[in-house]
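Colleague: Next up is a structure, given as structure tokens.
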């Protein structure tokens, strides 16, 4: 009789309950990375993949710009997660990035951000509907032939949205894999990586209904092969 394969370990810094639950439903074991104690790169030992979570804005100095008045930053968190993203890319560790996470990923790899959508990219679409967390805000168009398209199996999907920043210039080596009707980048991915996908919406809030389970399952499948 073969020995059951242990569930892959996904490292997550700054998690909230829905992120952990979504990963566990996908078959992962979650290791919470404490930025004050789990020093990089050693903290990644024993992790098979990484999840970057939502939160405050990335400091614009990280991509060579002065801060817009609306920007809220956490320098210590930036330092930790930018390093975490760069290590994951360098080591080809499967990585899923969500909301702030996709912005961290893009900046870590050399991309830039729109600092404030309402003032810098005006639109009739509300990208910041905070309650309820799974409230549908708009649709996204998913580009054919992308990893995201394979994971979610649809040309467009309705998503929630609560952010005021977004990817402006995708980092070198990344492609845009989804956009909203007003042209805001909603997902990027790195084709050269085993699994490196970032989305701007919050799929973790749908863990109970499973609309975006394919994202977490894809991360876990990739991590299980490392």
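In my numbering, the protein residues as written are 56 to 281. By construction, the Cβ of each residue, glycine as well, lies at the ideal position given by its N, Cα and C atoms. Treat the numbers as computed from the prediction; the structure is a model and nothing was measured.
(1) Counting only C-beta atoms, is residue 149 closer than 8 Å to chain C at any point?
(2) Could you say if the region 137-148 and the region 176-189 meet the contact criterion of at least three C-beta pairs nearer than 8 Å?
(3) Please confirm if the region 193-204 is in contact with the region 150-164, defined as three or more CB-CB distances below 8 Å between the two stretches.
(4) Taking C-alpha atoms, which residue in 238, 103, 116 and 132 lies nearest to residue 70?
(5) What does a CB cutoff of less than 6 Å around residue 229 pick up in its chain, not counting 5 residues either side in sequence?
(6) My understanding is that residue 259 touches residue 112, with C-beta atoms under 8 Å, so please give their C-beta distance in whole angstroms.
(7) Tell whether a beta-carbon distance below 8 Å holds between residue 123 and residue 171.
(8) Helix, strand or coil for residue 232? Go by DSSP, reduced to three states.
(9) Less than 8 Å between the beta carbons of residue 81 and residue 272, yes or no?
(10) Note down the Cα distance separating residue 226 from residue 173, rounded to an integer number of angstroms.
(11) Return the residue from the list 224, 254 and 219 that minimises the CA-CA distance to residue 201.
(12) If we count the other Cβ atoms within 10 Å of its Cβ and call it buried at 16 or more, is residue 97 buried or exposed?
(13) I'd like the list of long-range same chain contacts for residue 231, defined as Cβ closer than 8 Å, with 5 residues on each side in sequence excluded.
(14) How many angstroms separate the CA atom of residue 215 from the CA atom of residue 145?
(15) Under a Cβ-count criterion, where at least 16 other Cβ atoms within 10 Å of its own Cβ denotes burial, should residue 7 be classed as buried or exposed?
(16) So the candidates are 257, 281, 237 and 256; which of them puts its Cα closest to the Cα of residue 250?
(17) Return yes when the Cβ of residue 156 is within less than 8 Å of the Cβ of residue 104, no when it is not.
Modeller: Quick answer:
(1) No chain C appears in the structure shown, which is made up of a single protein chain.
(2) As far as the Cβ criterion goes, the region 137-148 does not touch the region 176-189, which means the pair count is below three.
(3) Verdict: no, contact absent.
(4) Taking the first residue of the chain shown as position 1, residue 70 is located at position 15. The candidate whose alpha carbon is nearest that of residue 70 is 132.
(5) In the chain shown, residue 229 corresponds to position 174, counting from 1. Within the same chain, residue 229 has close Cβ partners 243 and 245.
(6) Working through the chain shown from its first residue, we reach residue 259 at position 204. Working through the chain shown from its first residue, we reach residue 112 at position 57. In fact, because the Cβ distance is near 19 Å, the residues do not count as touching under 8 Å.
(7) Along the chain shown, read from residue 1 onward, the residue named residue 123 stands at position 68. Along the chain shown, read from residue 1 onward, the residue named residue 171 stands at position 116. Against a cut-off of 8 Å, the Cβ pair of residue 171 and residue 123 comes out as a contact.
(8) For the purposes of this step, residue 232 is taken as residue 177 along the chain shown, with counting starting at 1. Three-state DSSP puts residue 232 in a strand.
(9) In the chain shown, counting from the first residue as 1, residue 81 sits at position 26. In the chain shown, counting from the first residue as 1, residue 272 sits at position 217. Yes, these two residues count as a Cβ contact at 8 Å.
(10) Taking the chain shown and counting its residues from 1, one reaches residue 226 at position 171. Taking the chain shown and counting its residues from 1, one reaches residue 173 at position 118. Roughly 23 Å separates the two Cα atoms.
(11) Within the chain shown, numbered from 1, the residue matching residue 201 stands at position 146. Nearest of 224, 254 and 219 to residue 201, Cα basis: 254.
(12) The sequence position of residue 97 within the chain shown is 42, counting from 1. Residue 97 should be labelled exposed.
(13) Walking along the chain shown from the start, residue 231 turns up at place 176. The beta carbon of residue 231 sits closer than 8 Å to the beta carbons of 198, 222, 225, 240, 242 and 243 from its chain, once the five residues preceding and following it are set aside; these are given in chain order.
(14) Against the chain shown, residue 215 aligns to sequence position 160. Against the chain shown, residue 145 aligns to sequence position 90. Annotation: residue 215 to residue 145 spans about 31 Å, alpha carbon to alpha carbon.
(15) No answer is possible for residue 7: the residues shown for the chain start at 56 and end at 281.
(16) The count along the chain shown starts at 1 and reaches residue 250 at position 195. Of the candidates 257, 281, 237 and 256, the one whose C-alpha sits nearest the C-alpha of residue 250 is 281.
(17) The sequence position of residue 104 within the chain shown is 49, counting from 1. The sequence position of residue 156 within the chain shown is 101, counting from 1. Cβ atoms of residue 104 and residue 156: not closer than 8 Å.
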